[in-house]
Amino acid sequence: MTIGDLEGNTKSDKVYEFLKEKILTGHYKPGDRLVIREVSRQLGVSDIPVREAIKKLASEGLLELKSHSGARIAPLNIGNLEEIFMIRVELETLATRLAVHAATAEELDLLESYVQSMDDSIEKDDIPAYTATNRQFHQLLYRTSHSPILIEMIENLFMRSENSKMIFHHDPARLRISNAEHHALVDALRQKDEETAVSVIRTQKENGFKIVINALKLSRSLLGG
1 MTIGDLEGNT KSDKVYEFLK EKILTGHYKP GDRLVIREVS RQLGVSDIPV REAIKKLASE
61 GLLELKSHSG ARIAPLNIGN LEEIFMIRVE LETLATRLAV HAATAEELDL LESYVQSMDD
121 SIEKDDIPAY TATNRQFHQL LYRTSHSPIL IEMIENLFMR SENSKMIFHH DPARLRISNA
181 EHHALVDALR QKDEETAVSV IRTQKENGFK IVINALKLSR SLLGG
């Protein structure tokens with residue numbers, strides 16, 4: 001992999017996108033050390049754009065910077081995550097409520113295409129593809145609220161918490177349930193059924209976040225933490 005293989009406007013942007021994707025997909029685990037020189041060598045760039053990307057990722061909560069040990073993937077703090085998830089439920093429910101009345105036909109068509117892609121990923125047992133498309137689905141869903149400040153708040157909290165989901169095994173049965181909820185959500189948006197859309201997203205978020213927190217607590221207890 002070299003920097004030319006990545007999308008972005010500047011070298012720093014490209015490094016940032018590369019590292020963010022590696023963190024969010026679980027390639028890097030919480031607590032892993034990120035060595036600037038190794039990243040530079042891997043991507044064929046100098047240390048400067050890597051340092052810039054690392055500073056941005058640290059400001060978003062994905063990396064932790066310490067003077068004596070450099071950059072590490074941010075550790076998972078269950079207390080912080082519980083608070084973030086509580087806020088995310090409310091903000092993402094609000095965004096969905098607004099999306100019922102603001103989403104365009106083109107946006108709804110794209111959301112539906114994501115749901116169909118996730119169905120295909122489930123059939124192929126392609127969990128990484130499902131995870132990536134699921135992320136695109138929810139990011140687009142909240143953007144269809146057309147509320148820039150709300151979208152920025154959600155995306156900031158998303159970045160601070162999404163890597164927490166990479167530590168446990170995805171249950172294919174749960175993925176089928178989740179995507180059935182996505183189908184119901186798109187149908188509700190098309191019908192401008194605010195009550196159903198809000199109910200579906202709130203239930204999905206609350207259940208999903210509860211699974212993550214329980215998995216983290218179990219993992220910590222097994223490790224004696």
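When we follow the UniProt record's numbering, the leftmost residue of the sequence shown carries the number 1, and every step to the right adds one. All C-beta atoms, glycine included, are put in the ideal place defined by N, C-alpha and C.
- Between the C-alpha atoms of isoleucine 149 and glutamate 83 there is a straight-line separation of about 20 Å.
- In this structure, leucine 141 sits away from leucine 94, with a CB-CB distance that is not shorter than 8 Å.
- Between asparagine 207 and the set Lys192, Ser178, Leu189, the nearest pair of CA atoms involves Ser178.
- Secondary structure at glycine 79: helix, using DSSP grouped into helix, strand and coil.
- The beta-carbon separation of isoleucine 73 and lysine 29, rounded to 6 Å, stays under the 8 Å limit for a contact.
- The region 133–140 makes contact with the region 104–120, as at least three CB pairs between them are under 8 Å.
- With fewer than 16 other CB atoms across the displayed protein chains lying within 10 angstroms of its CB, glutamine 191 is exposed.
- Under DSSP, no beta-bridge partner is assigned to isoleucine 54.
- CA-CA distance, alanine 105 to aspartate 126, rounds to 29 Å.
- Per DSSP, the continuous alpha helix (DSSP H) segment holding lysine 20 begins and ends at 11–24.
- Taken through DSSP and simplified to helix, strand or coil, alanine 71 comes out as strand.
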